[in-house]
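Residue numbers (this note's numbering): 1 to 428.
Using N, Cα and C, we set each Cβ at its ideal position, and we do this for glycine too.
Just so it is clear, the structure is predicted and the values come from calculations on it, not from any experiment.
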Ligand code: GDP
Ligand code: IMO
Ligand code: MG
């Protein structure tokens, strides 16, 4: 019966993988409901680092059924590679279930993603070039190809021919590229992927409901984050799915009343990869920002890109609380601030001379927003061994309490290092 959602509340890479793994201990099933291999979720177990893109972060427990839901876009080659690489490291992936309704990312999606970005030039979004946008666009255009289509060769080939008849015109006439051959793609996918994926293809919606009906606890693992959401993010600098908690309903096939707990994951500061507005950004060369990147190792899990750093933004977080219906917050990377003399928090914006406490709906205003900061004395203490709230330095506790007061939902967990055991149950 209980359903918990783990959702990113900033611009991604908040530590969703770490907390999904942590919470999965008490669950039966972990379900991804959107996104694809644009995600990179890191879990560090006994010093060993796993960076996963498509397989739910609950896979490390033998009692968990990991499920890739209908809302995910799946590159079958990437999925198989990830399954192989986890298997080689001793992780059992045999329980993995893949929704037959999930859409496939095929080679032309990646090519189109890169071409669109190049075409945009300076206005590019900075996508991961994984084919995410074009795959979701095909889904919305109703020319997408689903996982279940692979199970019927005639249908699979027919659909590929139909979609490529249009896509090839775009590739050749708009982008001056060579056309792709539908049968060549079909041969490759069917010969290299189908046999291995077939045992995993499932009716994920009924699987999830049967688990919920049996009173099992299901965890829904978000990828990306609230401000990368297609509807609620800083459009167009967003991804092409709905990472917000509401995305679970469409992306996994459950009703909103099933969701009992929504855990927002937030860094103790903020990072963003790719282009787009970021009011509390600390620009290249800023001493504090550079230290966040260095100490926090803020480079993309998959793409290796430097993440843009900034101070915690309570204005955005209050909005994330509303959009997701957060019941609580889990704060990560508190330890990254351990050596800062002063820690700042953006509590409001100044826009055109006025103090603004709610996220402006007009994005031009967000571009003009100047952060109004509250400053906190740093704690200058190594907190990476803290396992109880009172192990935290009083000034770190004060920072968390101030953050809670700004945001209006309780913090229940705080993380003080990448390791599985580096966290505390926080009570203010
Ligand atoms: P996700 O995409 O939200 O799962 O996050 P990523 O895995 O992309 O990025 C988070 C990074 O921070 C990973 O390298 C994690 O191992 C690391 N991490 C998570 N929690 C903490 C923490 O509390 N402290 C530190 N120093 N690193 C953390
Ligand atoms: P996790 O799940 C951070 C960003 C890209 C780009 C925008 C659109 O690890 O938090 P896309 O390839 O999705 O079309 O790119 O979204 N982006 C992410 N940033 N973490 C992610 O995932 C991201 N997935 C996409 O950098 O700005
Ligand atoms: Mg990530």
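Segment limits, alpha helix (DSSP H) that includes residue 138: In the chain shown, residue 138 corresponds to position 138, counting from 1. Start and end: 132-141.
C-alpha distance - residue 216 paired with residue 28, whole-angstrom precision: Here residue 216 corresponds to residue number 216 of the chain shown, with the count starting at 1. Here residue 28 corresponds to residue number 28 of the chain shown, with the count starting at 1. Near 6 Å, if we compare the C-alpha coordinates of residue 28 and residue 216.
At 3 residues or longer, what runs of the beta strand (DSSP E) sit wholly inside the segment 45-81? The segment 45-81 contains these whole beta strand (DSSP E) runs: 48-52 and 65-68.
Between 399, 338 and 344, which lies nearest to residue 383 when the distance is taken from Cα to Cα? As a first step, residue 383 is located in the chain shown; it is residue number 383 there, counting from the start. Nearest in C-alpha terms to residue 383, of all of 399, 338 and 344, is 338.
Mind checking residue 364: buried by the 16 CB within 10 Å criterion, or exposed? By one-based count along the chain shown, residue 364 stands at place 364. Label assigned to residue 364: exposed.
Residue 345 burial status per 10 Å Cβ neighbour count (16 or more: buried): Within the chain shown, the letter at position 345 stands for residue 345. Under a 10 Å Cβ-count criterion, residue 345 is classified as buried, with 16 or more other Cβ atoms of the shown protein chains found around its own Cβ.
Distance cut-off 7 Å: residue 174 Cβ against heavy atoms of the ligand GDP: Position 174 of the chain shown, counting from 1, holds the residue named residue 174. Short note on residue 174: C-beta not closer than 7 Å to any heavy atom of the ligand GDP.
For the ligand IMO, is there a heavy atom less than 7 Å away from the beta-carbon of residue 68? Here residue 68 is taken as the residue at index 68 of the chain shown, counted from 1. No, the beta carbon of residue 68 sits no closer than 7 Å to any heavy atom of the ligand IMO.
Other residues of its chain near residue 243: CB distance less than 7 Å, five sequence neighbours each side excluded: Numbered from 1 along the chain shown, position 243 holds the residue referred to as residue 243. Closer than 7 Å at Cβ, skipping near neighbours: 7, 8, 34, 35, 222, 223, 224, 225, 226, 228 and 229.
Can you check the segment 291-366 for any beta strand (DSSP E) of at least 3 residues that lies completely inside it and give the ranges in chain order? The beta strand (DSSP E) runs lying completely inside the segment 291-366 and spanning 3 residues or more are 308-313, 328-332, 342-351 and 354-356, given in chain order.
So, are the CB atoms of residue 276 and residue 234 less than 8 Å apart? Here residue 276 is taken as the residue at index 276 of the chain shown, counted from 1. Here residue 234 is taken as the residue at index 234 of the chain shown, counted from 1. In contact: residue 276 and residue 234 (Cβ atoms closer than 8 Å).
Please determine if the segment 71-81 and the segment 100-115 are in contact, where contact requires at least 3 C-beta pairs separated by less than 8 Å. The segment 71-81 is in contact with the segment 100-115.
With a CB to CB cut of under 7 Å and the five nearest residues on each side skipped, what residues in its chain are close to residue 37? Counting from one through the chain shown, the residue named residue 37 turns up at place 37. Closer than 7 Å at the Cβ level, and outside the excluded window around residue 37, lie 53, 54, 75, 78 and 130.
Does the distance between the C-beta of residue 301 and the nearest non-hydrogen atom of the ligand GDP fall short of 7 Å? Counting from one through the chain shown, the residue named residue 301 turns up at place 301. Yes, the Cβ of residue 301 comes within 7 Å of a heavy atom of the ligand GDP.
In three-state terms, what does DSSP make of residue 91? Numbered from 1 along the chain shown, position 91 holds the residue referred to as residue 91. Residue 91 carries a coil assignment under DSSP once its states are collapsed to helix, strand and coil.
Indicate, with yes or no, if the ligand GDP has a heavy atom lying under 7 Å from the CB of residue 422. Along the chain shown, read from residue 1 onward, the residue named residue 422 stands at position 422. Residue 422: yes, Cβ under 7 Å from the ligand GDP.
From the DSSP output, in three-state form, read off residue 261 for me. Locating residue 261 in the chain shown gives position 261, counting from the first residue. Strand at residue 261.
Three-state class that DSSP yields for residue 244 in the structure shown: Here residue 244 is taken as the residue at index 244 of the chain shown, counted from 1. Correct three-state label for residue 244: coil.
Can at least three beta-carbon pairs, one atom from the segment 90-110 and one from the segment 185-197, be found at a separation below 8 Å? With a cut-off of 8 Å, the segment 185-197 and the segment 90-110 count as touching, because enough Cβ pairs lie within range.
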